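Accompanying notes for the structure given below.
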């Protein structure tokens with residue numbers, strides 16, 4: 025057994041970090057750390073990690089990429105022990121922080137500052153950032169990302185997207201950034217303050233094809249770039265400090281550009297939608313937005329070759345994981361409700377018409393989850409995952425929506441009013457199959 | 024560590040099963056669909072090979088569903104042990120065989136459902152004594168199908184013999200098998216607790232195959248009606264205890280299903296895979312352009328429909344592998360076994376019928392196998408528990424209800 029320090033080191037950026045970050049709040053108490061030892065080990069690890077962080081800052085040169093991991097060659101549906109620890113922590117955070125904040129965020133079409141700060145304190149960025157930049161990532165962690173997305177979305181899909189949006193930026197920079205871009209952009213995500221940033225891919229047109237972008241970047245006379253086009257339903261749009269914007273470059277193909285919020289030629293407006301409102305969706309209007317040459321992620325060098333297809337696939341895996349979480353939330357909610365709701369003298373769940381609908385939800389949630397996990401685990405191993413990702417998205421879009429709809433149906437009129445969250449899940453689950461990019465697993 | 028791929032160790036087995044499906048099953052598939060009730064003698068050689076493989080301990084078969092002697096793989100990082108054993112091997116092998124022909128797979132000698140039941144509930148001594156035979160399973164009666172607790176076939180002890188009387192229908196391989204495991208009640212008034220299973224060799228006095236059914240599909244497999252008229256078998260032929268205790272013993276008998284339901288689900292996955300593969304071949308001739316995976320709106324309606332069917336099949340397949348893996352690792356899997364069976368049963372029916380539709384006249388005519396697969400598919404949503412029974416099992420588990428509350 026690998027020692028516990030190693031395991032905790034990997035998740036040292038995770039919920040345990042809250043202990044020190046928010047030492048004065050009551051949040052740490054809510055995490056109910058079982059063993060006092062966990063905390064002690066954590067403190068030791070944390071001290072060590074800080075040293076690594078400062079030492080490695082100077083190192084540059086080749087960009088740091090996360091390598092594919094090795095499997096055991098055995099079929100296994102279980103997450104690792106470390107992933108289970110993390111999943112449980114995320115589940116508690118989702119139950120105790122996200123779910124209570126969900127309604128207000130949905131009404132306001134914006135995430136609460138406190139939620140973003142608490143979410144940042146989970147330290148998830150540390151899991152995505154390579155060790156040489158002070159993070160804890162050693163290899164690809166698509167499965168871990170998927171488990172996190174599932175659990176957060178089980179609390180609330182909109183807020184989950186808000187919390188995951190900066191991580192997508194981190195993932196993209198790790199995957200495609202130059203060494204210089206990594207050194208410049210990654211460390212701030214490990215700081216004490218939340219860094220709002222988002223990845224913008226989706227464009228507002230029917231039958232949107234993620235593989236052919238209308239947003240374009242053209243060379244400027246001073247050697248920089250000018251971006252033209254519109255990006256929509258961008259998470260944290262209303263507050264992100266910078267965006268990673270996907271645009272087509274003539275002769276090069278699609279690329280990502282780092283664009284600061286206050287860049288001349290970029291206007292941001294709110295873009296509230298049917299659901300996922302807690303993510304604070306925004307629309308980016310690019311009218312010749314000028315950025316420097318080095319704003320292009322990875323530059324024009326081979327090592328930074330950007331792969332839009334991989335981005336689209338990883339985004340679809342992440343959105344599918346969000347759908348799994350939201351669909352699971354529906355199941356969790358309708359079981360006790362239908363067991364308690366009496367009609368014609370019996371719980372309505374004693375009738376097959378109701379019971380079978382719930383059984384169907386249970387079967388389809390499990391099926392969706394397995395498809396997402398398979399795509400994610402293939403991605404971690406460096407296997408081809410385009411097709412599994414497509415199948416996962418298809419299934420999560422259709423069955424997820426069916427589950428959202430059945431959730432409202434099972435509550436009848438009560439499902440239609442905002443006293444219960446099922447109407448929100450109905451709206452949120454329609455995002456799967458519509459929203460592209462924005463998240464990365 | 025999450026990994027849902029076919030384990031490396033079992034890939035040779037999958038390849039072998041696929042080769043059998045291709046070179047043994049497919050060439051005679053239509054022949055025995057048309058010649059219902061004639062025995063596919065081509066399978067004798069195959070059965071002999073499978074026996075050899077199983078005796079070598081490396082096989083995937085009905086009798087390996089529970090008896091699992093594969094060594095446990097050490098877990099990495101102190102993780103719990105992970106066993107990829109007989110159940111996983113069996114469902115993976117079955118998917119491939121049924122990609123070839125499900126009717127033929129159901130009538131491979133010595134691979135009957137009775138063999139699975141014996142290895143699930145028989146004593147070691149019984150397994151040794153009965154195990155080398157082809158054993159069918161007789162549960163359903165003219166007036167008791169899904170409600171297997173309502174069976175009326177009864178058994179009474181008379182000296183050193185059990186005396187069994189009643190009528191069993193829908194016995195898969197009931198004519199060809201060398202023995203039948205029969206469910207009978209010791210006292211109909213006592214309900215489930217009194218239901219026991221008995222090993223009845225062919226030729227036992229009072230046992231008679233009275234009829235072979237003509238069917239919609241799986242016509243290569245015989246389906247028999249067997250009458251037991253004061254049929255006598257030795258006292259030791261009862262499987263499990265002769266005591267009427269609680270509902271426990273019935274639950275024990277039902278446990279067989281936890282192992283066999285994923286196998287039926289695997290059959291469904293194999294047939295569905297065959298239909299999708301064939302449809303892709305046929306449609307490729309009709310429209311040579313590959314569907315663009317990442318741009319779903321740009322493809323044809325047929326592309327989109329095939330992708331949707333693929334996703335449904337993939338769900339069924341992964342639910343099946345998951346349920347079998349749980350059985351291998353001794354994790355209770357009634358819920359997951361029923362989920363797999365429910366999903367795979369409805370998926371294979373939808374997929375094969377849709378593939379016939381997509382391929383038009385080519386799909387509907389006997390010149391191709393698609394129409395046959397669509398007929399074969401339907402039974403997979405019925406035997407070993409209908410769709411509706413699986414939904415009851417799932418619903419009761421998810422909602423925490425008894426069979427009295429949710430009927």
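Residue numbers (my numbering), protein chains in the order written: chain A, 25 to 465; chain B, 24 to 430.
All C-beta atoms, glycine included, are put in the ideal place defined by N, C-alpha and C.
Computed from a prediction, not measured in an experiment: that's the story for all the values here.
In summary, residue 253(B) is exposed, with fewer than 16 beta-carbon neighbours lying within 10 Å of its beta-carbon over all protein chains present. Boundaries of the alpha helix (DSSP H) harbouring residue 354(A): 332 to 364, taken from the DSSP string. Nearest to residue 219(B) by alpha-carbon distance, out of 132(B), 261(B), 127(B), is 261(B).
Secondary structure of residue 284(A) (DSSP, three-state): strand.
Annotation: residue 42(B) to residue 325(B) spans about 30 Å, alpha carbon to alpha carbon.
For residue 133(A), the closest alpha carbon among the candidates 306(A), 193(A), 142(A), 110(A) is that of 306(A).
Collapsing the DSSP output to three states places residue 314(A) in a strand. Take residue 348(A), set aside five residues on each side of it, and the residues of its chain with a beta-carbon closer than 7 Å to its own are 174, 389, 392, 393, 396, 420, in chain order. At least 7 Å separates the beta-carbon of residue 411(B) from that of residue 404(B). Within the stretch 331 to 362 of chain B, those residues whose Cβ lies closer than 7 Å to any Cβ of chain A are, in chain order, 331, 333, 334, 337, 338, 341, 342, 344, 345, 348, 362.
Put simply, the CB of residue 366(B) is near chain A, with a gap under 7 Å to one of its CB atoms. Taking a C-beta distance under 7 Å as the contact criterion, residue 258(A) and residue 224(A) qualify as a contact pair. By the Cβ test, the stretch 127 to 145 of chain A is not in contact with the stretch 195 to 207 of chain A, since fewer than three Cβ pairs between them sit closer than 8 Å.
The stretch 367 to 376 of chain B makes contact with the stretch 286 to 293 of chain B; the number of CB pairs closer than 8 Å reaches 3 or more. Here DSSP, grouped into helix, strand and coil, assigns residue 430(B) to coil. The bridge partners DSSP lists for residue 231(B) are 250(B). Counting only Cβ-Cβ distances below 7 Å, residue 390(A) has contacts in chain B at 342, 362, in chain order. Check the Cα spacing between residue 402(B) and each of 120(B), 371(B), 44(B): the tightest is with 371(B). If you draw a 10 Å sphere on the C-beta of residue 48(B), you find 16 or more other C-beta atoms in it, and that means buried.
Residue 323(B) has a beta carbon lying at 7 Å or more from every beta carbon in chain A. Of the residues assessed, residue 285(B) falls on the buried side of the cut-off, its CB having 16 or more other CB atoms within 10 angstroms.
Closer than 7 Å at the C-beta level to chain B, one finds these residues of the stretch 364 to 396 of chain A: 373, 374, 379, 380, 382, 383, 386, 387, 390, 391, 394, 395. Beta-bridge analysis with DSSP links residue 268(A) to 223(A), 282(A). Around the beta carbon of residue 68(B), fewer than 16 other beta carbons lie within 10 angstroms, which makes this residue exposed.
Secondary structure note for residue 431(A): it is in no beta strand (DSSP E), and the uninterrupted alpha helix (DSSP H) holding it is 410 to 435. Counting along the chain, residue 223(B) sits inside the beta strand (DSSP E) bounded by residues 218 to 224.
Within the stretch 98 to 178 of chain B, complete beta strand (DSSP E) segments of at least 3 residues are found at 158 to 161, given in chain order. Taking the C-beta atoms as reference points, residue 95(A) is found no nearer than 7 Å to residue 351(B). Pairing residue 332(B) with residue 408(A), the inter-Cα distance amounts to about 20 Å. Short of 6 Å from the beta carbon of residue 33(B), and not among the five residues preceding or following it, lie these beta carbons of its own chain, in chain order: 112, 115. Distance from the CA atom of residue 127(B) to the CA atom of residue 445(A), rounded to whole angstroms, is 51 Å. Setting aside the 5 residues that flank it on each side, residue 222(A) is surrounded in the same chain by 189, 258, 259, 260, 264, 267, each with a C-beta closer than 6 Å to its C-beta; the list follows chain order. With its beta carbon less than 7 Å from one in chain B, residue 95(A) belongs to the interface. Note on geometry: alpha-carbon atoms of residue 142(B) and residue 195(B) lie some 18 Å from one another.
Taking a C-beta cut-off of 9 Å against chain A, the contacting residues of the stretch 406 to 417 of chain B are 411, 413, 414, 415, 416, 417, listed in chain order. The contact set of residue 169(B) on chain A, defined by CB atoms closer than 9 Å, is empty, because the minimum CB distance reaches about 13 Å.
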